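Q: The structure under discussion is supplied below as structure tokens; questions concerning it will follow.
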Amino acid sequence: MFLLAFALACQEPATPAADSGVSDRGEAPASSPAPPSLKRLTGAQYRNSMHALFGEGVLLPNSVEADERIEGLFAVGSAYTTISSYGVEKYEKAAYDIAEQVMDDDELRARWVPCTPVDVQDDDCAAESLETLGRLAWRRPLSADELEVLVLVSAEAAVVLDDFHDGLEFGFAALLMSPNFLYRVELGDGLTGGGGSYTGAYDDYEMASRLSFFLWDSIPDAELLDAAAAGELTNDAGLLAQVDRMLADDRVVDGVRNLFTEMLHLDELDDLNKDPTIFTYMSDDLAESAREETLLGIEALVFDDDASYLDLYTTQRTFLDRTLAAVYDVPAPEREGFGEVWLADDGGRRGFLGQASFLALNAHATSTSVTRRGIFIREVVLCQPIPDPPANANTAIPEVAEDAPTMRERIAVHLENPECATCHELTDPIGLGFENFDGLGRWRLAENGATIDPSGELDGGAFTDAWTLGQVVADHPQTGPCMTQTMLQYATGNVADDLDETLVDWHTDGFSANAHRILWLMRDVALSPAFREVGEIQ
Amino acid sequence: MTPLLILMLGCTAPDSGDSGAVRDTGDDQEWTCDASGGRMHWVVDSLAWSRADGDVSDGFDLDDDVSTTGGSGGCGIADFTGPDGSEGVDNAFARLLPVLDTTEFVGAEAIINSTIVSGEVLLIGELAGADDLTDDDCVDMALRRGIGTPMLDTQGNILASQTFDLDPTFGDVEIPDMAIVDRSITGRPFDVALPIQFLDADLTFDLIDGALRFDIQEDGSVKGAFAGGLEIQVLIDLAANTGINDEVEDLLRTLLASAADLAPDEDGQCQQISITFLFTAVPAYVYEDVWEDE
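In the order they appear, the protein sequences are chains A and B. For the first sequence, numbering that gives the first Met the number 0 begins at 0 and goes up steadily by one. For the second sequence, numbering that gives the first Met the number 0 begins at 0 and goes up steadily by one.
If you want it as structure tokens, here you go:
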């Protein structure tokens with residue numbers, strides 16, 4: 000049974016984050032905090048948390064409850080999803096399986112059962128073990144009542160099974176299937192301020208959880224919880240110290256990888272489906288290779304170079320394995336795994352928008368899709384939502400005809416029909432810029448014997464092909480602000496409408512003034528009032 | 000049992016790719032061939048016997064003679080006419096194929112191709128010094144052997160544009176100082192020693208006074224042919240390993256002896272049979288560090 004206890008203590012809200020001093024944008028403007036939310040751990044967070052607790056060797060279920068994307072992010076959707084009865088069963092089974100693995104593994108058992116039981120039932124030893132694991136798993140200390148229940152479960156099972164550790168296994172399983180583990184209970188510390196206005200702040204343990212899931216996509220470590228216990232996460236200096244520590248920790252790589260996996264929809268590569276009679280380069284490895292290429296490139300951009308986010312769209316540096324090198328028609332840099340490649344000036348391909356992850360994902364199983372590629376640019380890169388097509392819209396792929404050999408001619412009907420044109424004018428001209436890449440991302444100059452014309456315009460920025468389109472995207476005035484908005488949504492789990500526009504602009508100014516560096520933005524957001532303050536429950 | 004076919008190419012040292020070869024122009028001037036462009040590679044993805052359609056068959060005039068039935072040249076074995084009308088095409092093996100196809104030998108071609116896609120036979124053609132793939136009067140050709148398991152496309156063919164290692168233990172056939180004419184290259188003569196492990200047998204596939212032609216297609220792939228004289232014993236050994244019985248083997252020996260058209264001995268008996276393979280190849284890369292030691 001899922002138990003949710005919401006305790007809203009009344010405390011003074013934390014002061015707004017100090018500016019990190021690298022821009023002259025001034026203090027954070029007064030803003031309206033977003034309402035609190037109850038977020039279920041995403042699949043990635045569940046896996047990362049289990050690995051953080053029990054190591055990479057622990058066997059986890061292939062899937063738990065499916066995540067839901069809202070405004071493009073699981074981080075936002077996690078506040079709106081429920082757990083189905085089947086999902087409950089999966090979490091329950093996983094909890095028992097993992098607890099059993101812990102007890103069966105000498106090293107793990109020694110770590111999580113730090114005492115030697117004196118009898119089949121040893122409540123003190125059980126309590127010590129449960130308290131240790133519970134603090135990390137629930138991201139806060141267990142209350143006395145909570146601990147008592149867990150000890151009781153363990154004791155009863157131990158007596159029935161006539162074994163202390165077998166009994167404690169039930170207690171551990173109860174911890175790992177608890178809503179206190181599966182949900183991030185972040186409600187703020189209560190009603191404060193004059194006139195009944197709700198200007199609460201997240202408490203220290205909530206901040207620890209928010210920070211760790213934002214920056215590491217995993218649970219807090221012991222040091223972060225210690226800082227929370229010391230009240231350091233609700234004061235500027237303590238928070239800054241922990242944020243900087245976390246950004247310097249290797250685990251931030253996981254956080255950045257997950258941020259961009261969600262943002263760029265790279266998880267959807269798991270379901271990449273292509274007609275093998277058309278796309279003969281399709282293979283079982285391709286989707287995973289494509290995802291890794293993108294993520295390794297982002298790692299290099301963010302951590303090796305601390306370069307501008309905008310470079311993501313123009314960089315000629317990428318990382319390929321043998322599979323992708325064949326798709327890109329370049330020599331493989333390494334015999335095994337990935338190696339660095341600098342794409343040629345005249346190769347037509349550069350940046351994320353020249354990568355198979357983007358090109359193959361935003362295409363049909365049998366062809367390219369100028370609409371999907373255009374929608375991706377609008378919605379993901381520029382944060383300009385495109386309405387869904389009407390229910391009765393004909394979304395069939397236009398047939399090849401003698402007078403319509405290339406996609407440009409075939410989709411002309413979209414732009415001629417006034418009902419379609421409203422949206423397709425926003426997307427298709429962009430997507431046509433990528434037509435030199437087929438539905439898998441292979442380079443081509445012609446389609447059905449006709450030369451492809453990849454030229455076009457994006458909001459006044461003319462491009463001749465995908466190469467120059469990458470620069471137009473990087474130069475687009477909305478590209479930087481969109482990244483800021485996405486980062487804020489990813490960090491807070493809020494929908495865009497709940498973000499304070501003034502505050503978003505303030506962060507955008509800082510991001511721009513600091514060369515659009517991702518780590519700078521992560522730090523800025525982690526210190527932001529939007530991240531620390533909580534509005535009224537709606 | 001998985002067929003095991005390993006081709007080992009005659010040993011010469013790899014070239015640096017910038018040969019600067021010298022051609023005798025027939026007058027007092029020396030024409031210097033400076034193959035200055037980069038390297039390009041193709042991997043052979045299919046091999047097939049060059050078959051005959053009546054008196055027409057693809058191949059080469061290997062003995063510089065237009066032989067006729069019962070004539071003095073070619074041990075009295077008539078030459079074919081090429082698809083382009085060229086005379087004197089030596090491809091006597093093609094005359095035997097209709098007979099061989101009625102025996103277990105019919106599987107040999109498929110077995111050879113299965114060893115290609117499995118990576119047991121990775122023939123890599125190298126073109127060095129080409130500035131222009133349409134016409135270039137100075138390029139170097141080499142035939143090398145790749146190693147490793149090739150990636151296959153969804154149709155089961157070798158994936159184009161993949162990268163291979165070259166087998167450092169095998170020598171290479173090098174044919175310097177060639178020319179590309181209208182996207183086609185023809186080179187001869189050269190000898191290729193192709194020791195073959197076919198099923199359980201070690202065979203040597205010696206193509207003697209060989210000839211090579213390949214045509215570069217618009218999509219970057221290559222179609223071509225290579226030919227040479229083959230000791231008839233090699234074919235008998237090859238056939239024996241496809242499971243033919245003794246009776247068929249004797250028949251084959253007789254057939255091959257009667258069809259041999261090259262390399263007559265002192266008694267005028269030809270010891271080799273001309274054979275032509277048709278091949279296709281797709282663009283490939285090789286790991287660049289294989290050149291670092293040169």
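Where is the CB? At the ideal position from N, CA and C, for every residue including glycine. Since the model is a prediction, treat every value here as computed from it, not as a measurement.
In this structure, does DSSP put S273 (chain B) in helix, strand or coil?
A: Start at 1 with the first residue of the second sequence, and residue 273 (chain B) comes out as number 274. In the structure shown, S273 (chain B) sits in a strand (DSSP, three-state: E or B).
Q: Check the Cβ of T322 (chain A) against every Cβ in chain B and list those closer than 8 Å, keeping chain order.
A: The residue given as residue 322 (chain A) occupies position 323 in the first sequence. By Cβ distance, chain B contributes M150.
Q: Just by C-beta distance, which residues in the segment 434-451 of chain A are closer than 7 Å to chain B?
A: Cβ contacts with chain B: none found.
Q: With a threshold of 16 other CB atoms inside 10 Å of the CB of S36 (chain A), please say whether the residue is buried or exposed.
A: The residue you call residue 36 (chain A) lines up with position 37 of the first sequence. It counts as buried.
Q: So the candidates are A:F169, A:E106, A:A29; which of them puts its Cα closest to the Cα of E532 (chain A)?
A: The residue labelled residue 532 (chain A) in the question sits at position 533 within the first sequence. Cα-wise, what sits closest to E532 (chain A) is A:A29.
Q: Sorted by chain position, which residues of the same chain lie with C-beta nearer than 6 Å to D274 (chain A)'s C-beta, five sequence neighbours on each side aside?
A: For the purposes of this step, residue 274 (chain A) is taken as the residue at position 275 of the first sequence. A364, T365, listed in sequence order.
Q: What are the residues in the segment 386-398 of chain A lying within 8 Å of chain B by C-beta distance?
A: Residues passing the 8 Å Cβ filter: none.
Q: Within 10 Å of its beta-carbon, does T41 (chain A) have 16 or more other beta-carbons around it, so buried, or fewer, so exposed?
A: Working through the first sequence from its first residue, we reach residue 41 (chain A) at position 42. Under this definition T41 (chain A) is a buried residue.
Q: Does the Cβ of G430 (chain A) have 16 or more other Cβ atoms within 10 Å, making it buried, or fewer, making it exposed?
A: In the first sequence, the residue the question calls residue 430 (chain A) occupies position 431. Buried.
Q: Measuring alpha carbon to alpha carbon, tell me which residue in B:R38, B:C269, B:V233 is nearest D294 (chain B).
A: Chain B is shown only over 0 to 293; residue 294 (chain B) falls outside these bounds and no answer can be derived.
Q: Roughly how many angstroms separate the alpha carbons of A256 (chain B) and L95 (chain B), rounded to a whole number?
A: Within the second sequence, residue 256 (chain B) is the residue found at index 257, counting from 1. Within the second sequence, residue 95 (chain B) is the residue found at index 96, counting from 1. If I take the Cα positions, the gap works out to 11 Å.
Q: Here's the rule: buried if 16 or more other CB atoms are within 10 angstroms of the residue's CB, otherwise exposed. What is L261 (chain B)?
A: Working through the second sequence from its first residue, we reach residue 261 (chain B) at position 262. So L261 (chain B) ends up on the buried side.
Q: Residues in the segment 259-284 of chain B with C-beta within 8 Å of chain A's C-beta atoms, listed in sequence order?
A: Listed by position along the chain: P282, Y284.
Q: Over what stretch of residues does the alpha helix (DSSP H) that includes T365 (chain A) continue unbroken?
A: What you label residue 365 (chain A) is simply residue 366 of the first sequence in a count that begins at 1. Note, T365 (chain A): premise wrong, no alpha helix (DSSP H); not H, not E.
Q: Checking contacts by CB at 8 Å: is Q161 (chain B) closer than that to chain A?
A: Counting from 1 along the second sequence, the entry for residue 161 (chain B) is found at position 162. True, the Cβ-Cβ gap to chain A drops below 8 Å.
Q: List, in order along the chain, the chain B residues whose C-beta lies closer than 8 Å to that of A595 (chain A)?
A: Look at the range of chain A in this structure, 0 to 537, and you will see that residue 595 (chain A) is not part of it.
Q: Give the residues from the segment 341-358 of chain A that approach chain B closer than 9 Å (Cβ to any Cβ), ordered along the chain.
A: Going along the segment 341-358 of chain A in chain order, one finds no residue with a Cβ nearer than 9 Å to chain B.
Q: Using a beta-carbon distance cut-off of less than 8 Å, what residues from the segment 279-290 of chain A approach chain B?
A: If the cut-off is 8 Å between Cβ atoms, the segment 279-290 of chain A has T279, Y280, M281, S282 near chain B.
Q: In angstroms with no decimal places, state the Cα-to-Cα distance between A20 (chain B) and D205 (chain B).
A: Position 21 of the second sequence, counting from 1, holds the residue named residue 20 (chain B). Position 206 of the second sequence, counting from 1, holds the residue named residue 205 (chain B). Low confidence applies to A20 (chain B): its pLDDT is 37, below 50, so where it sits in the model is not reliable, and the reading given next is rough at best. Spanning the two alpha carbons is a distance of roughly 27 Å.
Q: Would you mind giving the Cβ-Cβ distance between L538 (chain A) and T483 (chain A), rounded to the nearest angstrom? I have them listed as a contact below 8 Å.
A: Given a span of 0 to 537 for chain A in the structure shown, any question on residue 538 (chain A) remains unanswerable.
Q: Residues of chain B with CB closer than 8 Å to the CB of A325 (chain A), please, in chain order.
A: The count along the first sequence starts at 1 and reaches residue 325 (chain A) at position 326. Ordered by position in chain B, the residues that pass the 8 Å Cβ test against A325 (chain A) are M150, L158, A159, S160, Q161, T162.
Q: Do we get a CB-CB distance below 8 Å when we pair Q154 (chain B) with the residues of chain A?
A: Within the second sequence, numbered from 1, the residue matching residue 154 (chain B) stands at position 155. Yes, Q154 (chain B) counts as interfacial toward chain A.
Q: At what residue ranges does the segment 201-248 of chain B contain a whole run of the beta strand (DSSP E), taking only runs of 3 or more?
A: Within the segment 201-248 of chain B, the complete beta strand (DSSP E) runs of at least 3 residues are 221-230.
Q: Indicate whether at least one CB of chain B lies closer than 8 Å to the CB of R334 (chain A).
A: Residue numbering aside, residue 334 (chain A) sits at position 335 when the first sequence is read from its first letter. So yes, R334 (chain A) belongs to the interface.
Q: Any beta carbon from chain E within less than 8 Å of P275 (chain A)'s own beta carbon?
A: In the displayed structure, chain E is absent; the protein chains listed are A and B.
Q: Tell me, please, which residues DSSP counts as bridged to H40 (chain B).
A: Position 41 of the second sequence holds residue 40 (chain B). Answer is B:E125, B:A283.
Q: To the nearest angstrom, report how far apart A126 (chain A) and A94 (chain A) are at their CA atoms.
A: Here residue 126 (chain A) corresponds to residue number 127 of the first sequence, with the count starting at 1. Here residue 94 (chain A) corresponds to residue number 95 of the first sequence, with the count starting at 1. When rounded, the distance between both Cα atoms is 19 Å.
Q: When you compare only the Cα positions, how much space is there between A473 (chain A) and L263 (chain A)?
A: Sequence index remark: in the first sequence, residue 473 (chain A) carries index 474 (1-based). Sequence index remark: in the first sequence, residue 263 (chain A) carries index 264 (1-based). If I take the Cα positions, the gap works out to 16 Å.
Q: Could you tell me whether the Cβ atoms of A226 (chain B) and L61 (chain B) are closer together than 8 Å?
A: Taking the first residue of the second sequence as position 1, residue 226 (chain B) is located at position 227. Taking the first residue of the second sequence as position 1, residue 61 (chain B) is located at position 62. Yes, they are a contact pair.
Q: For a quick check, are the C-beta atoms of A465 (chain A) and F436 (chain A) less than 8 Å apart?
A: The residue labelled residue 465 (chain A) in the question sits at position 466 within the first sequence. The residue labelled residue 436 (chain A) in the question sits at position 437 within the first sequence. The answer is yes: Cβ separation under 8 Å.
Q: Could I get the ranges of all uninterrupted beta strand (DSSP E) runs contained in the segment 145-195 of chain B, with 3 residues as the minimum, in chain order?
A: Listed in chain order, the complete beta strand (DSSP E) runs (minimum 3 residues) inside the segment 145-195 of chain B are 162-165, 172-180.
Q: Just to confirm before moving on: does the CB-CB distance between R316 (chain A) and G296 (chain A) stay below 8 Å?
A: Counted from its first residue, the first sequence places residue 316 (chain A) at position 317. Counted from its first residue, the first sequence places residue 296 (chain A) at position 297. In contact: R316 (chain A) and G296 (chain A) (Cβ atoms closer than 8 Å).
Q: In three-state DSSP terms, what is W442 (chain A)?
A: In the first sequence, counting from the first residue as 1, residue 442 (chain A) sits at position 443. W442 (chain A) falls in the strand class under three-state DSSP.
Q: Compute the distance between the beta-carbons of L277 (chain B) and S85 (chain B), then report whether it is under 8 Å.
A: Along the second sequence, read from residue 1 onward, the residue named residue 277 (chain B) stands at position 278. Along the second sequence, read from residue 1 onward, the residue named residue 85 (chain B) stands at position 86. No, the pair does not count as a contact, with Cβ atoms beyond the cut-off.
Q: Output yes if chain B places a C-beta closer than 8 Å to the C-beta of D328 (chain A); else output no.
A: Position 329 of the first sequence, counting from 1, holds the residue named residue 328 (chain A). D328 (chain A) counts as touching chain B.
Q: Report the three-state DSSP secondary structure of T317 (chain A) (helix, strand or coil).
A: In the first sequence, residue 317 (chain A) corresponds to position 318, counting from 1. Correct three-state label for T317 (chain A): strand.
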